[in-house]
Amino acid sequence: MRVPGRFYLSQQLMGTLEEGAVRQLANIATLPGICRNSLAMPDIHWGYGFPIGGVGAFTMDEGIISPGGVGFDINCGVRLITTPLQRSDLGQLKKVLQELYNTIPTGVGTKSCVTVSDHELNRIMTEGARWTIEEGYGTERDLLWCEEQGCIEGADISHVSQKARKRGRPQCGTLGSGNHFLEVQCVEEIFDPEAARTFGIETGQICIMIHCGSRGLGHQICTDHLKVLEGAAKKYRIPLADKQLACAPLTSPEGEAYLSAMACAANYAWANRQMITHLTREVLSRAFSLSTEDMPLVYDVTHNVAKIEEHVVDGTRTTLCVHRKGATRAFGPGSHDLPPGCDAIGQPVIIPGSMGSSSYLLRGTDGAMEKTFGSTCHGAGRVLSRSQAKKTISGDSLQESLGRSGITVLAPSAGSIAEEAPDAYKPSAEVVKVVHEAGISAKVARLNPIGVIKG
DNA sequence: ATGTGC
12 MRVPGRFYLS
22 QQLMGTLEEG
32 AVRQLANIAT
42 LPGICRNSLA
52 MPDIHWGYGF
62 PIGGVGAFTM
72 DEGIISPGGV
82 GFDINCGVRL
92 ITTPLQRSDL
102 GQLKKVLQEL
112 YNTIPTGVGT
122 KSCVTVSDHE
132 LNRIMTEGAR
142 WTIEEGYGTE
152 RDLLWCEEQG
162 CIEGADISHV
172 SQKARKRGRP
182 QCGTLGSGNH
192 FLEVQCVEEI
202 FDPEAARTFG
212 IETGQICIMI
222 HCGSRGLGHQ
232 ICTDHLKVLE
242 GAAKKYRIPL
252 ADKQLACAPL
262 TSPEGEAYLS
272 AMACAANYAW
282 ANRQMITHLT
292 REVLSRAFSL
302 STEDMPLVYD
312 VTHNVAKIEE
322 HVVDGTRTTL
332 CVHRKGATRA
342 FGPGSHDLPP
352 GCDAIGQPVI
362 IPGSMGSSSY
372 LLRGTDGAME
382 KTFGSTCHGA
392 GRVLSRSQAK
402 KTISGDSLQE
412 SLGRSGITVL
422 APSAGSIAEE
432 APDAYKPSAE
442 VVKVVHEAGI
452 SAKVARLNPI
462 GVIKG
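In my numbering, the protein residues as written are 12 to 466.
So, in structure tokens, the structure goes:
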């Protein structure tokens, strides 16, 4: 190890820490150009190469870029939309939820209501959410309240394969499967009234949370470039503690090619979430006579990406490539890329809970800038694998018991519900408690689910 | 996560 690994944990979460995940954090610390620490957020669990909940920052001159530090679902992320509705307005919740389920394509391999042309796909990959807005699926304001305004620079479509393009073209505007979901939530508790006011959140309000990523396009880009970077690691004589850490120097053509293709997938994911936002607003507009302006975006964050950012290291401003895999940017007050009016508060940070448990709205802090390269948890750390969850949990009885506690779940099968059972995940409240107490983000609000649609 | 797996 070139630097120490550092874990953010509590006694309780230490109990769910896997040996494999610890080894993976150590492996990150062996990579060239690793800066200060490899970092584990409290929702850490065993992943491909990097643990999920892992953060690694690398210097531009000596450092590397690794697809294993981003994940297969490039720019898997989450956004939160508010409505003027209260819980009591949702007498027809089940009807509206069914309407959302019918309107938003969910599940593996599903197709969007629009298949975009090759030219449009190029624009989606280079312009991100802006393309969606220009097509009439949202407002300029949506872009202001989105990390990077929904577009990472440096996207180069020449590094995206035909196979990836073919998979991506029919999927923009689809939710996907696994832990991806759309949730109708209610704001239960405000911890920081000033920040909540700035973010446009109040107690009792109905909100919509959307969690999804770059679908088959991002998956294929990851697969394609992993192969190239396995060769590149050998070529540049980078010793790998694990083959899954395939990587290339940030300054190499192979490294630059992955970064530019990764940006294409990240931009696609932002367009995807914006498209789903549009479909959601259409359904709610019809059901409750609301306008788009009645349903503003609180914010949109990515959980799986590597980005070139400036951070202060030992008192010096340094340009780094920050890998966040199952981790969220949590830029504090005075940082670059904050939404309007947030200079004194920091960026909004959205932490989805597992199905049936609370989600949180946090804000970025000075502590994150000082200790974690402006990063915090992402909220969904598994304790049971999918197959373990399916074996030990009955999806049918879970759906029933959630129903009894006022949470409606629409899903394609009992198995898909079992896989995402709250018991298959680390408790979101404990994860958030750790990042709040460590000062790497601060609690703003807690939201409870009342309706879930999932693939 | 994924047109889910050797």
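Virtual Cβ for every residue (Gly too), placed ideally from N, Cα, C.
Counting of Cβ neighbours within 10 angstroms places L409 among the buried residues, the total reaching 16 or more. Burial check for A440: the Cβ neighbour count within 10 Å stays below 16, so the residue is exposed. Each residue's CA atom was taken as its position, placing I163 and D325 some 27 Å apart.
C-alpha of I219 to C-alpha of A400: approximately 26 Å in a straight line. For P350, there is no enclosing beta strand (DSSP E), as DSSP marks it with neither H nor E. In this structure, the CA atom of T330 is about 49 Å from the CA atom of K105.
Within 10 angstroms of the beta-carbon of V333 lie 16 or more other beta-carbons, which makes it buried.
In the structure shown, S346 falls within a coil segment according to DSSP collapsed to helix, strand and coil. For L295 against T94, the beta-carbon gap comes to about 6 Å, under 8 Å, which counts as contact. One thing to note: G224 has its Cβ no nearer than 8 Å to the Cβ of I356. In the DSSP assignment, P95 falls within the unbroken beta strand (DSSP E) covering 88-97. If only complete runs of 3 or more residues are kept, the stretch 80-149 shows the beta strand (DSSP E) at 88-97, in order along the chain. In the three-state scheme derived from DSSP, where H, G and I count as helix and E and B as strand, G266 is classed as helix.
Residue state for R248 is assigned as coil, using DSSP reduced to three classes. Under DSSP, G65 shares a beta bridge with A51, K336. Non-local beta-carbon contacts of H222 in its own chain, meaning distances under 6 Å to residues more than five positions away in sequence, involve V89, H191, F192, P363 in chain order. At the C-beta level, I418 and V455 stay beyond 8 Å of one another. Judged by pairs of C-beta atoms under 8 Å, the stretch 70-87 does not touch the stretch 49-56, as fewer than three such pairs exist. Leaving aside the five residues that flank M12 on each side, the residues in its chain whose CB is nearer than 7 Å to its CB run, in chain order, A37, A40, T41.
Within 10 angstroms of the beta-carbon of L261 lie 16 or more other beta-carbons, which makes it buried. Distance between A257 and F69, taken at the CA atoms: about 15 Å. Distance check between C46 and each of E304, Q216, T327 places T327 closest, using alpha-carbon atoms only. Taking 8 Å as the cut-off, the beta carbon of N48 is found no closer than this to the beta carbon of G80. Per DSSP, the continuous beta strand (DSSP E) segment holding R17 begins and ends at 16-18. By the beta-carbon neighbour count (other beta carbons within 10 angstroms, threshold 16), K245 is exposed.
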